[in-house]
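J.:
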Amino acid sequence: MISMPEYRTEPLIVPVVSGLLPEGERSRRAALTSFASRSERENPRVPQQEVVCYECGRACKVPAAALSANCSHCHAHLKMTDVELRPGAQRLTVRTLGKVTVLPDAVLSQVSVVCGKCLLLGRASGTYRCLGKMRVSCDNCLEGSVQANYLEVERSVSLTLKQGATVDTLVIAGRVTGRIVARREVILRRGAELVGDCHAPVLKKEKGAVHRGIWYEVEPE
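Numbering follows this note's numbering, with no gaps: position 192 of the sequence shown is 207.
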């Protein structure tokens, strides 16, 4: 009788899981990481800022340091430089996302301004559409329409709005004459005066402030 050799199974050895990636995978991932870092160093990301297009009214991102750019929605050419309107200025149409300043001693008429911010230190009658804050620091009579996110009339300043104004917020420390449509609130500081009807969700009057007209309380937008 032929004897069969004894069969013995080898024990199954399971490596201990250490939580570390195999050496080959570690090397591969390190190579990818170093490549990404090198790519970012060679092509650094350009800082962006969000602006509102003055043509289509939609928000878009543009390089923060750019002087001009194109809207990513309507492709309109957007300027972002600040503009100063001086006495005797011939540039009466302004379109920019920057700040427009009417300098003292300026007396201009028939201006058409679309801007990010606006400061009236001099007189410039016309139409205004301000996407941010508009501040009036000089007596003015504006013949055209006025639209602003935030309109502020300083103390001792008289502002006449021939076609009224449509704003989010209006703050008056001086005197304003004209019809007001406010989406949020109208605030009359101490001693301020508003002459004209007012359509607003909220009308706040400090001590000594006067409103000569009708306040139509509307729902906030």
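Idealized CB from N, CA, C, for every residue including glycine.
1) What distance in whole Å lies between the Cβ atoms of residue 150 and residue 301, which are believed to be in contact at a cut-off of 8 Å?
2) In its own chain, which residues sit with a C-beta less than 7 Å from the C-beta of residue 170, not counting the 5 before and 5 after it?
3) With three or more beta-carbon pairs closer than 8 Å as the criterion, would you say the segment 113-122 touches the segment 67-81?
4) Express the C-alpha separation of residue 75 and residue 65 in angstroms, rounding to a whole number.
5) Unbroken alpha helix (DSSP H) runs of length 4 or more, entirely within the segment 87-166: which are they?
6) Between which two residues does the beta strand (DSSP E) holding residue 191 run?
7) Who are the near neighbours of residue 184 in its chain, counting only those whose CB is closer than 6 Å to its CB and skipping five residues on each side?
8) Going by beta carbon distance, what residues of the same chain come within less than 7 Å of residue 205, once the five residues before and after it are set aside?
9) Quick check on residue 231: does DSSP put it in helix, strand or coil?
10) Using only the alpha-carbon positions, how far apart do residue 242 and residue 163 sit?
11) DSSP on residue 200, reduced to helix/strand/coil?
T.: The relevant details are as follows:
1) Since the displayed the chain opens at 16 and closes at 236, residue 301 lies outside it and no answer follows.
2) If we look at residue 170 and ignore the five residues flanking it on each side, its Cβ neighbours are 188, 189.
3) Between the segment 113-122 and the segment 67-81 there are fewer than three C-beta pairs closer than 8 Å, too few to call the two in contact.
4) Taking the straight line from one Cα to the other gives about 6 Å.
5) Listed in chain order, nothing qualifies, since the segment 87-166 has no complete alpha helix (DSSP H) run of 4 or more residues.
6) Here the beta strand (DSSP E) through residue 191 covers 190-192.
7) Close CB contacts of residue 184 within its chain, under the 6 Å cut and outside five residues either way in sequence, are with 165, 199, 200 (chain order).
8) If we look at residue 205 and ignore the five residues flanking it on each side, its Cβ neighbours are 221, 222, 223, 224.
9) Assignment of residue 231 by DSSP, reduced to helix, strand and coil, places it in the strand class.
10) This structure gives no information on residue 242, because the portion of the chain shown stretches from 16 to 236.
11) In the three-state DSSP reduction, residue 200 falls in the strand class (E or B).
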